[in-house]
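Numbering (the working numbering), first residue to last: 12 to 357. Glycine is no exception: its CB is placed at the ideal position from the N, C-alpha and C atoms.
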Ligand code: FES
Ligand SMILES: [Fe+2]
């Protein structure tokens, strides 16, 4: 059901402080995260091999983690290195370890075959701490829904005209009535479109009656990573650009980067940043932008959780697709192909 051979976001960099021991569930696997003395992250199966207590109730000791039920100690590769009261370490005394990395604002864990883990498969262009180009805020939201429904939502932004009619959509029907260009890229899709002579969301800080030609482009990458920038250009830019990617310098640029992470088959977590180009800054814009997207993302969650309940309440039946579903269907096929390829290789 889930793709294993890929990197999943396990939280924000600061979620695992130097002495913290943190539990996470990703694609149904319980894992525990902590940092070694030098700050390097460790991800282990969150179940002691002795009597199956969670290691996330354990204690970090230097580079190692001690189970605080009966005291077995594990090193960062998951090998038991101490059994209180006996010299012999049983040969099977170990827990699974997972490759773990830091990139952008996030911690990433590879849930599949460690031999296939390559940091080259972590998306490029991530915004994170210490980057001078962007100013952003961040938040996360838990969902009672299968992650695929959240991917579908982000791959079809026609819903901005309806779900977000009074918030992000600002009562414009352009999201619903125009179609983006969808192009395949490595392990994902690029989705690009113009909104012509449209009202920007309030959080960009433009006057209330301002209108722009808006170029919105995002990459959507397996298993559910959404990297979007929106450029606000003067009216006429879309036409002057031949309705293609503009070369003109935008008046404002904002961005959001998001990760949809399956916890179980009916629970997900949604991490998101929202911000703007540093040169566009003025006091208070980022809190306003994060608050605006949180407000809008509650609208998504209300709809998607209700959609999940409606799906679960009835016998499976085919969905009737429209042209707005092009990216949704193509991304589902990309994920299916990756899952099938993984099954064949296993
Ligand atoms: S359950 Fe971990 S030491 Fe006993
Ligand atoms: Fe939405």
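For residue i, is the beta carbon positioned less than 7 Å from some heavy atom of ligand 1?
i           : result
residue 64  : yes
residue 148 : no
residue 91  : no
residue 80  : yes
residue 61  : yes
Short check: CB of residue i to CB of residue j, under 8 Å?
i           : j           : result
residue 92  : residue 286 : no
residue 315 : residue 156 : yes
residue 94  : residue 100 : yes
residue 44  : residue 59  : no
residue 323 : residue 174 : no
residue 186 : residue 168 : yes
residue 337 : residue 236 : no
residue 199 : residue 345 : yes
Here's the rule: buried if 16 or more other CB atoms are within 10 angstroms of the residue's CB, otherwise exposed. What is residue i?
i           : result
residue 88  : exposed
residue 172 : buried
residue 98  : exposed
residue 242 : buried
residue 330 : exposed
residue 273 : buried
residue 25  : exposed
residue 11  : Absent from the model: residue 11. The displayed extent of the chain is 12 to 357, so no value can be given.
residue 29  : exposed
residue 313 : exposed
Taking the alpha-carbon positions, what's the residue i to residue j distance?
i           : j           : result
residue 227 : residue 246 : 15 Å
residue 141 : residue 116 : 10 Å
residue 240 : residue 261 : 11 Å
residue 332 : residue 210 : 29 Å
residue 189 : residue 234 : 26 Å
residue 264 : residue 72  : 45 Å
residue 343 : residue 96  : 53 Å
residue 201 : residue 85  : 43 Å
residue 76  : residue 66  : 8 Å
Can you tell me which residues form a DSSP beta bridge with residue i?
i           : result
residue 186 : BP columns for residue 186 are empty, so no partner.
residue 300 : According to DSSP, which records beta bridges pairwise, residue 300 is partnered with nothing at all.
residue 112 : 119
residue 192 : 203
residue 240 : 228 and 266
residue 91  : 85
Should residue i be counted as a contact of ligand 2 given a C-beta to heavy atom distance under 7 Å?
i           : result
residue 170 : yes
residue 301 : no
residue 309 : no
residue 287 : no
residue 175 : yes
residue 8   : Here the chain comprises residues numbered 12 to 357, so residue 8 is not present and cannot be evaluated.
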